[in-house]
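S.K.: Here's a structure for you.
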Amino acid sequence: MDSPTPQSHLKPSFRKKPLIIIFIAFCAFVIVSSITFGLLHLIKNHNSQEFDATTISSIISSTQYYTTDNPPFKKYVYVHVNLINTSVLHIWLKPKLENTTATLYANVSKTNSNESFPTALFYSAKIGPPTWFDFVELELNITGIIELSWSEMTTIVSYIYTYEPEEVKFQGIRPAYISKQAMNPPMDQSFHFRPPLGWINDPNGFSRTRDGLYHLYYQHYPHSKRWSSMYWGHAISYDLVNWIHQPIFLRPNDKECGENCGCYSGSAVPNGNDGLQVFFTDNNNTRNHQQIQRTIYTKDTIAPSNESEIILNDLPDLSEKELKLSSDFRDPNVFISPDGYHYMTLGSGDTLGWQFQNVIKTDNLFGTKVCECSQIFQLGDKNRRETLYALLYARMGSKDDDGRSNLTPIILGTFNGTHFEKIYEQELDFAAGSFGVQAFYDPIADEALLLDG
Numbered sequence: 001m002d003s004p005t006p007q008s009h010l011k012p013s014f015r016k017k018p019l020i021i022i023f024i025a026f027c028a029f030v031i032v033s034s035i036t037f038g039l040l041h042l043i044k045n046h047n048s049q050e051f052d053a054t055t056i057s058s059i060i061s062s063t064q065y066y067t068t069d070n071p072p073f074k075k076y077v078y079v080h081v082n083l084i085n086t087s088v089l090h091i092w093l094k095p096k097l098e099n100t101t102a103t104l105y106a107n108v109s110k111t112n113s114n115e116s117f118p119t120a121l122f123y124s125a126k127i128g129p130p131t132w133f134d135f136v137e138l139e140l141n142i143t144g145i146i147e148l149s150w151s152e153m154t155t156i157v158s159y160i161y162t163y164e165p166e167e168v169k170f171q172g173i174r175p176a177y178i179s180k181q182a183m184n185p186p187m188d189q190s191f192h193f194r195p196p197l198g199w200i201n202d203p204n205g206f207s208r209t210r211d212g213l214y215h216l217y218y219q220h221y222p223h224s225k226r227w228s229s230m231y232w233g234h235a236i237s238y239d240l241v242n243w244i245h246q247p248i249f250l251r252p253n254d255k256e257c258g259e260n261c262g263c264y265s266g267s268a269v270p271n272g273n274d275g276l277q278v279f280f281t282d283n284n285n286t287r288n289h290q291q292i293q294r295t296i297y298t299k300d301t302i303a304p305s306n307e308s309e310i311i312l313n314d315l316p317d318l319s320e321k322e323l324k325l326s327s328d329f330r331d332p333n334v335f336i337s338p339d340g341y342h343y344m345t346l347g348s349g350d351t352l353g354w355q356f357q358n359v360i361k362t363d364n365l366f367g368t369k370v371c372e373c374s375q376i377f378q379l380g381d382k383n384r385r386e387t388l389y390a391l392l393y394a395r396m397g398s399k400d401d402d403g404r405s406n407l408t409p410i411i412l413g414t415f416n417g418t419h420f421e422k423i424y425e426q427e428l429d430f431a432a433g434s435f436g437v438q439a440f441y442d443p444i445a446d447e448a449l450l451l452d453g
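The numbering of the sequence shown is UniProt numbering, which starts it at 1 and goes up by one.
Pasting the structure below:
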């Protein structure tokens, strides 16, 4: 998912039918245009459990933050954080006033009982759009307590957490400061996945690596409880019930275009050595091609190991089929078909060079404007002749006679790499607004898993 209001710019001379298309390249992979959160087996059920906001205080028990009023009316916030020499700090901040900079101070000696004064640790860039926050990653090589501080008169801090790279998969991040705008209310007895703060919508990159760990990336805005320029959050689980929160994985380049930018939905495929290759839509409404498809690699699943690469920056020409794509061209989702290629329902051999293959599905039922978050996934081992495939997508903008909106069909059938032959179709969920579904076949457990919001 992506933008809450789909856009469509179709010329009258073309049929206005939302559609799903498929690409292929020349190695051993295939991709589908991707599709927060209850977790379902297509064979068995799992209840997904996640900590609620009442545990925030225990997470930050080693951190104290408070304010003081010092003449002349300067209010300061102080945050105490426990570090070891390998700790990494992630901080988001911005200036409160135009044409100024935000300043973050650090004081090590004072919190270890030696008298000293705070030292400026970081100066932000000058103010950008209202949704923008400057990001800083710090490795201070300090063991002990550090005091971070800033003036509320000049500086807005949204989020601070710390982690140790060698332990983060098992221990997760430690939130040290969460702004009031992003702090979520407590939800006791919650059995649905929730982020540590802020906004969440579509699941992304739902996958499992060779070490047996499940990975859930998700559409996320950490600075308030509303949709804005999209980030990718990340969590890891051993059992699909208990989740360990990881560092934020993707950040939008929103300094120039604010809410018009975002790292929209996508998928992830294992690439050996317990790493992942991630596919996502880079959205920027200020350029001609608003939505382009990118890929990025991660060796440890925690942080990108390279700059993202463009894999599709233009729309395929479907004029021969009397069809034209709108600017809503997003959500790459990847799987391997029976022919051994990677396909995208937006398939590919080398996961970088993509060729248009076919229109898989067109749908304008109930006024559908966009076939969003689409994907194909296998329901068993692709080498078994009887294995079926499922096609999923969200009918964005749809509304049926009962008033239910944004319906999601699931279609079972056979798939040969270019053509999907339907056997059976039904609605995935009879409630309204159930979309942004993501699923994958897990060869370790020989079962298909589906995550639904």
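Built from N, CA and C at the ideal position, the CB exists for glycine as well.
What three-state label does DSSP hand N201 in the structure shown?
M.R.: Position 201 of the sequence shown holds residue 201. The three-state reading of DSSP puts N201 in strand, counting E and B together.
S.K.: Taking Cβ positions, are P118 and S149 nearer each other than 9 angstroms?
M.R.: Locating residue 118 in the sequence shown gives position 118, where the first residue counts as 1. Locating residue 149 in the sequence shown gives position 149, where the first residue counts as 1. Yes, they are a contact pair.
S.K.: Grab the span of the beta strand (DSSP E) containing K169 for me, first residue to last.
M.R.: Sequence index remark: in the sequence shown, residue 169 carries index 169 (1-based). Looking at the DSSP string, K169 is not in any beta strand (DSSP E); the run it does join, the alpha helix (DSSP H), is 168-171.
S.K.: Which residue or residues does DSSP assign as beta-bridge partners of P95?
M.R.: As a first step, residue 95 must be located in the sequence shown, where it is residue number 95. Answer by DSSP bridge pairing, in chain order: T155.
S.K.: Quick check on E259: does DSSP put it in helix, strand or coil?
M.R.: In the sequence shown, the residue the question calls residue 259 occupies position 259. Three-state result, E259: helix.
S.K.: Once you ignore the five residues that flank C263 on each side, which residues in its own chain have a CB closer than 6 angstroms to its CB?
M.R.: Counting from 1 along the sequence shown, the entry for residue 263 is found at position 263. Around C263: M230, W232, L250, P252, F280.
S.K.: Under the rule that 16 or more other beta-carbon atoms within 10 Å means buried, what is E50, buried or exposed?
M.R.: The count along the sequence shown starts at 1 and reaches residue 50 at position 50. Unreliable positioning characterises E50 in this predicted model, as indicated by a pLDDT of 39, which lies under 50. A coordinate reading is not provided.
S.K.: Determine the burial state of G367: buried for a count of at least 16 other Cβ atoms within 10 Å of its Cβ, exposed for fewer.
M.R.: One-based indexing of the sequence shown puts residue 367 at position 367. Exposed is the call here.
S.K.: Should P185 go down as buried or exposed, given a rule of 16 or more other Cβ atoms within 10 Å for buried?
M.R.: As a first step, residue 185 is located in the sequence shown; it is residue number 185 there, counting from the start. When all chains shown are included, P185 counts as exposed.
S.K.: Let me know if A120 comes out buried or exposed under the rule of 16 or more other beta-carbons within 10 Å of its beta-carbon.
M.R.: Residue mapping note: residue 120 aligns to position 120 of the sequence shown, counting from 1. Looking at its Cβ environment, which holds fewer than 16 other Cβ atoms inside 10 Å, A120 is exposed.
S.K.: For D401 and F335, what's the separation of their Cα atoms in angstroms?
M.R.: As a working note, residue 401 is residue 401 in the sequence shown. As a working note, residue 335 is residue 335 in the sequence shown. Using only the alpha carbons, I get a separation of about 35 angstroms.
S.K.: Using beta-carbon positions only, say whether I376 and L392 come within less than 9 angstroms of one another.
M.R.: Numbered from 1 along the sequence shown, position 376 holds the residue referred to as residue 376. Numbered from 1 along the sequence shown, position 392 holds the residue referred to as residue 392. Going by C-beta atoms, I376 is nearer than 9 angstroms to L392.
S.K.: Would you list, in sequence order, the uninterrupted beta strand (DSSP E) runs of no fewer than 3 residues that lie entirely inside the region 222-298?
M.R.: 231-237, 243-245, 261-270, 276-284, 291-298
S.K.: For S87, which residues from the same chain have a beta carbon less than 6 angstroms from its beta carbon, with the 5 sequence-adjacent residues on both sides left out?
M.R.: Your numbering for residue 87 matches position 87 in the sequence shown. Cβ neighbours of S87 beyond the five flanking positions: T162, E164.
S.K.: Quick check: the Cα distance between A182 and D339, rounded to an integer number of angstroms?
M.R.: Within the sequence shown, residue 182 is the residue found at index 182, counting from 1. Within the sequence shown, residue 339 is the residue found at index 339, counting from 1. The straight-line gap separating the alpha-carbon atoms of A182 and D339 is approximately 46 angstroms.
S.K.: Would DSSP call F122 helix, strand or coil?
M.R.: On the sequence shown, residue 122 is found 122 positions in, with the first residue counted as 1. It is a strand residue.
S.K.: Can you tell me whether Q293 is buried or exposed? The criterion is at least 16 other CB atoms within 10 Å of its CB, across all chains shown.
M.R.: As a working mapping, residue 293 is identified with position 293 in the sequence shown. By the neighbour-count rule (16 or more Cβ atoms within 10 Å), Q293 is buried.
S.K.: Are the beta-carbon atoms belonging to S158 and F133 less than 9 angstroms from one another?
M.R.: For this step, residue 158 is matched to residue 158 along the sequence shown. For this step, residue 133 is matched to residue 133 along the sequence shown. Closer than 9 angstroms, so yes.
S.K.: Would Y218 pass as a contact of P203 if the rule is Cβ separation under 9 angstroms?
M.R.: By one-based count along the sequence shown, residue 218 stands at place 218. By one-based count along the sequence shown, residue 203 stands at place 203. Contact flag set, yes.
S.K.: Which same chain residues end up closer than 6 angstroms to A432 when comparing Cβ atoms and leaving out the 5 residues on each side of it in sequence?
M.R.: Stepping through the sequence shown from its first residue, residue 432 is reached at position 432. Cβ within range, chain order: R404, S405.
S.K.: Under 9 angstroms, do T414 and Y441 count as touching if we go by C-beta distance?
M.R.: For this step, residue 414 is matched to residue 414 along the sequence shown. For this step, residue 441 is matched to residue 441 along the sequence shown. For T414 and Y441, no; Cβs fall outside 9 angstroms.
S.K.: V334 lies in the beta strand (DSSP E); which residues open and close that run?
M.R.: The residue you call residue 334 lines up with position 334 of the sequence shown. It spans 332-336 - the beta strand (DSSP E) in which V334 sits, taken as one unbroken run.
S.K.: Roughly how many angstroms lie between the CA atoms of S308 and T418, to the nearest whole one?
M.R.: Here residue 308 refers to the residue found at position 308 when the sequence shown is read from its first residue. Here residue 418 refers to the residue found at position 418 when the sequence shown is read from its first residue. When rounded, the distance between both Cα atoms is 27 angstroms.
S.K.: The beta strand (DSSP E) with A439 in it runs from where to where?
M.R.: The count along the sequence shown starts at 1 and reaches residue 439 at position 439. 438-442 is the extent of the beta strand (DSSP E) around A439.
S.K.: Under a Cβ-count criterion, where at least 16 other Cβ atoms within 10 Å of its own Cβ denotes burial, should G272 be classed as buried or exposed?
M.R.: Stepping through the sequence shown from its first residue, residue 272 is reached at position 272. So G272 counts as exposed.
S.K.: My output table needs one value for F366: the three-state DSSP class, helix, strand or coil.
M.R.: If you number the sequence shown from 1, residue 366 lands on position 366. Helix.
S.K.: Cβ-heavy atom distance between F191 and the ligand GDP below 8 angstroms?
M.R.: Here there are no bound small molecules, and the ligand GDP is not part of this structure.
S.K.: Excluding the 5 residues flanking S228 on each side, which residues of the same chain have their C-beta closer than 6 angstroms to its C-beta?
M.R.: Translated into the one-based positions of the sequence shown, residue 228 becomes position 228. Only T131, Y221, E259 meet the Cβ criterion.
S.K.: Opposite F191 in the DSSP bridges: which residues?
M.R.: Here residue 191 is taken as the residue at index 191 of the sequence shown, counted from 1. F191 is not bridged to any residue.
S.K.: Kindly indicate which three-state DSSP category I108 falls into: helix, strand or coil?
M.R.: Position 108 of the sequence shown, counted from the start, is the residue given in the question as residue 108. Contrary to the premise, residue 108 reads as Val rather than Ile in this sequence. Three-state result, V108: coil.
S.K.: Find the nearest neighbour of K382 within the set P443, G212, L140, T298, judged by alpha-carbon distance.
M.R.: Here residue 382 refers to the residue found at position 382 when the sequence shown is read from its first residue. Checked all of P443, G212, L140, T298; the closest Cα to K382 is P443.
S.K.: For the beta strand (DSSP E) containing R395, name the first residue and the last one.
M.R.: Residue mapping note: residue 395 aligns to position 395 of the sequence shown, counting from 1. Counting along the chain, the beta strand (DSSP E) containing R395 begins and ends at 389-396.
S.K.: Using the three-state DSSP reduction, which class does H9 fall into: helix, strand or coil?
M.R.: Here the question's residue 9 lines up with position 9 in the sequence shown. For H9, the predicted model reports a pLDDT of 32, less than 50, meaning its position is unreliable; a value from the coordinates is still stated below. Coil.
S.K.: Tell me, to the nearest whole angstrom, how far the beta carbon of V370 is from that of M396; I am working on the premise that it is less than 8 angstroms.
M.R.: Taking the first residue of the sequence shown as position 1, residue 370 is located at position 370. Taking the first residue of the sequence shown as position 1, residue 396 is located at position 396. Indeed, because the Cβ distance is near 4 angstroms, the residues count as touching under 8 angstroms.
S.K.: Anyone know if the C-beta pair for L140 and L449 falls short of 9 angstroms?
M.R.: Numbered from its first residue, the sequence shown carries residue 140 at position 140. Numbered from its first residue, the sequence shown carries residue 449 at position 449. No.
S.K.: In terms of residues, what are the limits of the beta strand (DSSP E) holding I411?
M.R.: Locating residue 411 in the sequence shown gives position 411, where the first residue counts as 1. 409-415 is the extent of the beta strand (DSSP E) around I411.
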